[in-house]
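If you're matching them up, the sequences are chains A and B in order. For the first sequence, the numbering used here assigns the number 1 to the initial residue and increments by one for each residue that follows. For the second sequence, the numbering used here assigns the number 224 to the initial residue and increments by one for each residue that follows.
There are 2 protein chains.
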Amino acid sequence: MSKIMIADDEQKIRKLVCDFLKNVGYETLEAEDGDEAFALFQKHEDDIDLVILDIMMPGLNGWEVCKEIRALSDVPVIMLTARSEEFDELLGYESGADDYVTKPFSPTILVKKVEALLRRTKSAAYLGGEKDLTFNHEAHEVRLNGQEIELTLKEYNILKKLLENPGRVYSREQLLDSIWGYDYVGDIRTVDSHIARLRTKLGDWGNRRLKTVYGIGYKLEEE
Amino acid sequence: MSKIMIADDEQKIRKLVCDFLKNVGYETLEAEDGDEAFALFQKHEDDIDLVILDIMMPGLNGWEVCKEIRALSDVPVIMLTARSEEFDELLGYESGADDYVTKPFSPTILVKKVEALLRRTKSAAYLGGEKDLTFNHEAHEVRLNGQEIELTLKEYNILKKLLENPGRVYSREQLLDSIWGYDYVGDIRTVDSHIARLRTKLGDWGNRRLKTVYGIGYKLEEE
DNA sequence: CTTGAATATGAGTAAAATCATGATCGCGGA
DNA sequence: TCCGCGATCATGATTTTACTCATATTCAAG
């Protein structure tokens with residue numbers, strides 16, 4: 001099960017959050033200030049699946065810890081912000097946080113955010129990680145089990161689009177709109193052609209994951 | 224696709240937000256003050272999937288609109304707050320808002336929040352009690368006790384419709400009107416066929432909850 | 001309270017309509 | 001010329017509709 005680190009200087013809050021997270025099956029790790037949080041993260045980096053950071057903490061504050069962590073890892077981060085603080089939410093996103101929760105917060109909502117974030121990042125593993133399909137946007141290259149697959153522009157864009165939201169269904173119109181452009185006029189079934197070619201090129205993986213949703217469109221199925 | 228209502232008295236802001244939302248495939252509805260917002264919501268209640276409310280508006284202010292909407296519906300609500308305002312976030316949560324964004328905001332962030340919120344609410348368990356049946360509109364997926372049930376379009380739409388108002392009876396005509404379209408011509412008892420297949424596919428749950436109201440139509444029984 | 005006519009619904013089947021696929025072809029730009 | 005792209009078409013698959021007949025329900029008359 002996933003391990004979550006929570007950093008907050010208030011012991012009560014830490015306990016509250018930990019209790020709820022443990023309740024739904026997560027392991028937790030606690031830090032009571034920014035310095036400890038970062039130290040702990042460095043030590044357990046490979047084990048930690050998600051980080052929750054309070055902003056106002058002794059030592060490094062939450063934003064700073066977040067930036068430091070970001071320098072090392074893409075682990076998902078949720079920030080806790082006290083309502084009275086003059087906080088600049090934007091800064092949070094700039095520092096690389098994935099989500100934030102304002103105090104006072106309902107633990108249930110926090111748990112839901114944690115779950116949503118884990119779900120999202122775990123299914124995005126293909127994009128960064130060591131799974132079977134990797135995207136290298138810079139090089140415009142796709143690799144399946146390390147082997148490069150030569151995709152044409154349209155194929156590449158369609159695959160990329162579907163990969164942006166694994167599980168979500170895209171209608172042919174949506175794909176045409178976002179890849180071809182709003183002003184595209186032409187046969188809607190063109191999408192089918194490209195999907196077919198993608199499936200061929202991606203072989204087994206393509207057949208397994210590129211799903212047709214009858215009467216709706218296509219989606220990339222999560223596994 | 225989801226429809227989103229945005230209420231703000233500044234035309235520029237409305238346009239900005241609408242453009243971004245449309246860009247990622249949402250439909251939008253605009254209101255320029257609190258009164259119009261509430262009126263519009265009442266009228267299109269069933270179609271609106273999410274509401275974005277500015278706080279400072281002529282007529283009813285954002286908090287008030289939110290409360291009024293909450294009296295009718297659980298639709299997700301995002302509040303827009305000017306950062307300079309002395310605002311009490313708690314009031315926002317008390318009035319039932321699900322999230323808020325402070326101005327000036329980046330449209331991208333707003334879009335992300337919208338998506339996060341829709342994801343959260345749309346895949347949430349439908350009926351308060353047991354968590355056995357879940358709808359994921361994005362993925363066009365229905366799960367019963369976690370296991371996916373493959374439904375055809377019509378089946379899916381009928382189930383969704385009935386689920387919108389558990390306990391309420393829908394006549395065959397109403398279902399035909401809202402799912403097939405008012406101009407449908409054909410056998411009214413087609414509905415029966417689909418209900419029958421739904422019951423089969425949903426097994427025990429279907430037989431228990433999909434009730435026939437003799438002489439009237441069908442309903443989804445609450446438990 | 002029972003019966004039976006009238007009506008409504010369920011189950012099953014088969015036909016019809018719709019949709020997706022994969023193969024193929026021609027166009028046009030690199 | 002080659003290659004990416006869009007279009008078309010035959011084919012098969014899936015979904016939707018229509019229809020039949022058995023069963024269930026209602027309601028009023030006996």
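The beta carbon of each residue, even a glycine, is placed where N, CA and C say it ideally should be.
Nearest neighbour of residue i, chosen from the options [CA to CA]
i: B/Val436; options: B/Leu340, B/Ile418, B/Gly409 and B/Thr423; result: B/Ile418
i: A/Leu50; options: A/Ile149, A/Gly59, A/Met79 and A/Glu64; result: A/Met79
i: B/Glu361; options: B/Leu367, B/Asp355, B/Ala339 and B/Lys377; result: B/Ala339
i: A/Tyr156; options: A/Gln147, A/Glu141 and A/His44; result: A/Glu141
i: A/Asn145; options: A/Gly203, A/Val169, A/Ser2 and A/Ile179; result: A/Gly203
i: B/Ile275; options: B/Asp269, B/Phe261 and B/Leu398; result: B/Phe261
i: A/Arg143; options: A/Glu45, A/Ile55, A/Trp205 and A/Glu30; result: A/Trp205
i: B/Ser296; options: B/Asp258, B/Asn284 and B/Ile271; result: B/Ile271
i: A/Gly34; options: A/Leu153, A/Lys43, A/Asn61 and A/Leu110; result: A/Asn61
i: B/Glu291; options: B/Phe264, B/Ile332, B/Asp406 and B/Asp415; result: B/Phe264
i: B/Ser293; options: B/Ala320, B/His267, B/Asp410 and B/Ser394; result: Going by the sequence as given, residue 293 of chain B is Arg instead of Ser. Ranking B/Ala320, B/His267, B/Asp410 and B/Ser394 by Cα distance to B/Arg293 puts B/Ala320 first.
i: A/Thr200; options: A/Ser178, A/Arg172, A/Glu36 and A/Leu151; result: A/Leu151
i: A/Leu224; options: B/Leu421, B/Glu268, B/Phe243 and B/Val247; result: Since the first and last residues shown for chain A are 1 and 223, residue 224 of chain A lies out of range.
i: A/Gly167; options: A/Lys211, A/Leu118 and A/Cys18; result: A/Lys211
i: B/Ile372; options: B/Ser401, B/Asp406, B/Leu421 and B/Ser394; result: B/Leu421
i: A/Glu45; options: A/Met56, A/Val111, A/Ile4 and A/Glu64; result: A/Ile4
i: A/Gly181; options: A/Asn207, A/Val169 and A/Lys154; result: A/Lys154
i: A/Cys18; options: A/Met1, A/Gln147, A/Glu64 and A/Val111; result: A/Val111
i: A/Ala31; options: A/Ser171, A/Val191 and A/Val65; result: A/Val65
i: B/Ser401; options: B/Val298, B/Trp286 and B/Ile381; result: B/Ile381
i: A/Pro76; options: A/Thr190, A/Thr28 and A/Asp99; result: A/Asp99
i: B/Gly438; options: B/Glu445, B/Lys238 and B/Val392; result: B/Val392
i: B/Ser225; options: B/Glu396, B/Val324, B/Asn359 and B/Ile332; result: B/Asn359
i: B/Asp277; options: B/Val324, B/Pro330, B/Thr251 and B/Lys238; result: B/Val324
i: A/Leu118; options: A/Leu21, A/Glu173 and A/Gln174; result: A/Leu21
Beta-bridge pairing of residue i - partner residues as DSSP gives them
i: B/Lys478; result: Since the displayed chain B opens at 224 and closes at 446, residue 478 of chain B lies outside it and no answer follows.
i: A/Val51; result: A/Met5 and A/Val77
i: B/Ile463; result: This structure does not reach residue 463 of chain B, given that chain B is present from 224 up to 446, and the question cannot be answered.
i: B/Ala254; result: B/Ala230
i: B/Leu356; result: B/Leu367
i: B/Val324; result: B/Leu303
Burial state of residue i (16 or more Cβ within 10 Å)
i: B/Gly440; result: buried
i: B/Pro281; result: exposed
i: B/Leu443; result: buried
i: A/Leu133; result: buried
i: A/Tyr26; result: buried
i: B/Ala230; result: buried
i: B/Arg432; result: buried
i: B/Tyr407; result: exposed
i: A/Lys43; result: exposed
i: B/Lys336; result: buried
i: A/Ser187; result: In the sequence under discussion, the amino acid at residue 187 of chain A is Asp, which differs from the Ser named in the question. Exposed, because fewer than 16 other Cβ atoms sit within 10 Å of the Cβ of A/Asp187.
i: B/Asp415; result: exposed
i: A/Glu222; result: exposed
Proximity test, residue i beta-carbon vs the ligand ZN heavy atom, cut-off 7 Å
i: A/Leu176; result: Ligands in the displayed structure: none, and consequently the ligand ZN is not present.
Counting pairs of Cβ atoms below 8 Å between the segment 378 to 388 of chain B and the segment 229 to 240 of chain B, do you hit three or more? no
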